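K.L.:
Can you read through this structure? Questions will come right after.
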Amino acid sequence: MPTLYGFYGYGLLSEIPLHGFPELPAGAQVDLVLERGDVPHTLGQAEWSSPFIEVLGGSVLLRFAAGRLRFLVEGGRRVRVDAPADIEPTEIETFLSAGVAGTVLHRRGGLPLHAACIAREGRAVALAGPSGRGKSTLAAALAGRGWTPVTDDVCRVDFRDDGAWAVPGPARFRLWPDAVLSLGGDPDGLASGRAHHPKRLLPVGDAAKGPVRLAAIVRLSLDTRLDRPRLEPLAGPSAVMPMGDLVYRCLLGRRLGNREGLFRGLMRLAGDAAIWRLTRGEGGSAPDDLVPLVEGILERGG
Amino acid sequence: MSTPISQDTIVSCHPDHLSAELDGELVIMSVTEGKYVGLNSIATVVWRRLGQPVRVAELCAELVRDYQGDEAVITQDVHDLLVRLQELGLLAVAQASE
Chain A
0 MPTLYGFYGY GLLSEIPLHG FPELPAGAQV DLVLERGDVP HTLGQAEWSS
50 PFIEVLGGSV LLRFAAGRLR FLVEGGRRVR VDAPADIEPT EIETFLSAGV
100 AGTVLHRRGG LPLHAACIAR EGRAVALAGP SGRGKSTLAA ALAGRGWTPV
150 TDDVCRVDFR DDGAWAVPGP ARFRLWPDAV LSLGGDPDGL ASGRAHHPKR
200 LLPVGDAAKG PVRLAAIVRL SLDTRLDRPR LEPLAGPSAV MPMGDLVYRC
250 LLGRRLGNRE GLFRGLMRLA GDAAIWRLTR GEGGSAPDDL VPLVEGILER
300 GG
Chain B
0 MSTPISQDTI VSCHPDHLSA ELDGELVIMS VTEGKYVGLN SIATVVWRRL
50 GQPVRVAELC AELVRDYQGD EAVITQDVHD LLVRLQELGL LAVAQASE
């Protein structure tokens, strides 16, 4: 029996049990369907392809686990998954929460930031940047200080008359083992969410139940010359460039026809939220060094 | 192969672009190419003069006159900017007919 979940602000009716997304009450609107079924290994004459993705017309094929796990996203409203029996639902959910979610959001014309997001007192801060910048680690550290988790890795932005809002995603953080250790946790005691992958799923307590006003974007950066982290406000074009560092799978979004939507969304975001750059030295700064800097942003008003 | 830009070239903003002003500076994206650029305040002035087709020599002369700048420097800077805009698909280019 399929279950209806809240999925980045949409109602997802899923045949696959999901643990990181809240169940919605019966009768809630269904925006998207996830079902099991046959998915081809290739779309044939794809308009655009990479080793993991093919685009043809309104369909996007995503291949994971050496092609054994395949998703077909059709029109942003239907997702078919083809997975052999040895691939656990949690692994399906891991990919659903990242690449598949990004594809759906692009297909629906939204603005998915490549960001983890946390909130305090009704104001959200998105920690944005390419993979490996420590988004999830810093978000988890802030969650440990009482912040409310909003999402991990993919942050859908919803624009309303009163500004930009961060829409909740999965209620967990996906961390490397050393990040779990740096937060005082035990990686061996956590599930992986993906076979033969060292990252661990850190569950969170009370996650955001609905969209949270997005007060600030913090772009995470690295500079090997720094011996202590540096926080600076960004203004003008540098606040939103390069766009590929801010948008989740930006190139795919452009290929899916979301080019104008992304541009307009980012420009609007620059007007609706304060944008900062937080730079740390290579090798990282301990989360404890970075947390006060992010907390200071909200104390300054965003 | 793109048209070389000379002082006789007639240039204008490519019609298929999106732009937005952030803190007094422009971000422009080519809709067809998907490429984008952030312009500083000086380049923004030049871009705004490309709304109508203009000969490069006339564009440079106007800038020298209005900003009392060094002609050689302005000519070179404008040329470099136009080439960059052309590479990004943001410039419509035509050679002046004799």
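For the protein sequence lines, the chains are A and B, in the order given. Residue 61 in numbering that gives the first Met the number 0 is what sits at position 62 of the first sequence, and the numbering runs on without skipping anything. Residue 80 in numbering that gives the first Met the number 0 is what sits at position 81 of the second sequence, and the numbering runs on without skipping anything. Note that the Cβ used here is the ideal one computed from N, Cα and C, for glycine as well. Values in this document were obtained by computation on a predicted structure and should not be read as measured data.
1. Taking Cβ-Cβ distances shorter than 9 Å, what residues in chain B pair up with residue 46 of chain A?
2. Would you say the region 91-100 of chain A touches the region 146-162 of chain A, given that touching needs at least three Cβ pairs under 8 Å?
3. Give me the residue from A/1, A/124 and A/116 with the minimum Cα distance to residue 171 of chain A.
4. Work out the CA separation of residue 239 of chain A and residue 264 of chain A for me, nearest whole Å.
5. Mind checking residue 39 of chain B: buried by the 16 CB within 10 Å criterion, or exposed?
6. Using C-beta distances below 7 Å, list every residue in its chain close to residue 47 of chain A, excluding the 5 sequence neighbours before and after it, in chain order.
7. Where are the beta strand (DSSP E) runs, 3 residues long or more, that stay fully inside the region 163-235 of chain A, in chain order?
8. Does the separation of the CB atoms of residue 228 of chain A and residue 182 of chain A fall below 8 Å?
9. According to a CB-to-CB cut-off of less than 8 Å, which residues of the region 2-31 of chain B neighbour chain A?
10. With a threshold of 7 Å on Cβ separation, who are the neighbours of residue 13 of chain A within its own chain once the five nearest residues in sequence on each side are excluded?
11. Between which two residues does the beta strand (DSSP E) containing residue 147 of chain A stretch?
12. With a threshold of 8 Å between beta-carbons, can residue 239 of chain A be considered close to chain B, or not?
13. Beta-carbon of residue 88 of chain B versus every beta-carbon of chain A: anything under 8 Å?
14. Please report whether the beta-carbon of residue 260 of chain A lies at a distance below 8 Å from any beta-carbon of chain B.
15. For residue 78 of chain B and residue 128 of chain A, I'd like the C-alpha separation in whole angstroms.
16. Whose C-beta lies closer than 7 Å to the C-beta of residue 13 of chain B among residues of the same chain, with five residues either side of it excluded?
17. Restricting to Cα atoms, I'd like to know which of A/76, A/74, A/73 and A/86 is closest to residue 65 of chain A.
18. Which value, in whole angstroms, describes the spacing of the CA atoms of residue 295 of chain A and residue 23 of chain A?
19. Under 8 Å between the Cβ atoms of residue 18 of chain A and residue 90 of chain A?
20. Would you give the residue range spanned by the beta strand (DSSP E) that residue 113 of chain A belongs to?
21. Pull up the distance between the alpha-carbon of residue 123 of chain A and that of residue 16 of chain A, whole angstroms please.
22. Under the rule that 16 or more other beta-carbon atoms within 10 Å means buried, what is residue 82 of chain A, buried or exposed?
23. Just by C-beta distance, which residues in the region 224-256 of chain A are closer than 8 Å to chain B?
24. Using only the alpha-carbon positions, how far apart do residue 223 of chain A and residue 285 of chain A sit?
25. Could you tell me whether the Cβ of residue 0 of chain A comes closer than 8 Å to any Cβ of chain B?
P.N.:
According to the structure data:
1. Residues of chain B passing the Cβ test: none, with the nearest at roughly 14 Å.
2. yes
3. A/116
4. 10 Å
5. exposed
6. 54 and 254
7. Entirely contained in the region 163-235 of chain A, the beta strand (DSSP E) runs reaching 3 residues are, in chain order, 171-174, 199-202, 211-221 and 229-232.
8. no
9. 17, 19, 21, 22, 23, 24, 25, 26, 28 and 30
10. 1, 2, 4 and 33
11. 147-150
12. yes
13. Chain A, which has no Cβ nearer than 8 Å to the Cβ of residue 88 of chain B, makes this no.
14. no
15. 34 Å
16. Taken in chain order, the residues that qualify are 29, 88, 89, 90 and 91.
17. A/86
18. In this structure, the alpha-carbon of residue 295 of chain A lies about 35 Å from that of residue 23 of chain A.
19. no
20. Element bounds for residue 113 of chain A: 110-119.
21. CA-to-CA, the gap between residue 123 of chain A and residue 16 of chain A works out to about 28 Å.
22. buried
23. 234, 235, 236, 237, 238, 239, 240, 242 and 253
24. 15 Å
25. no
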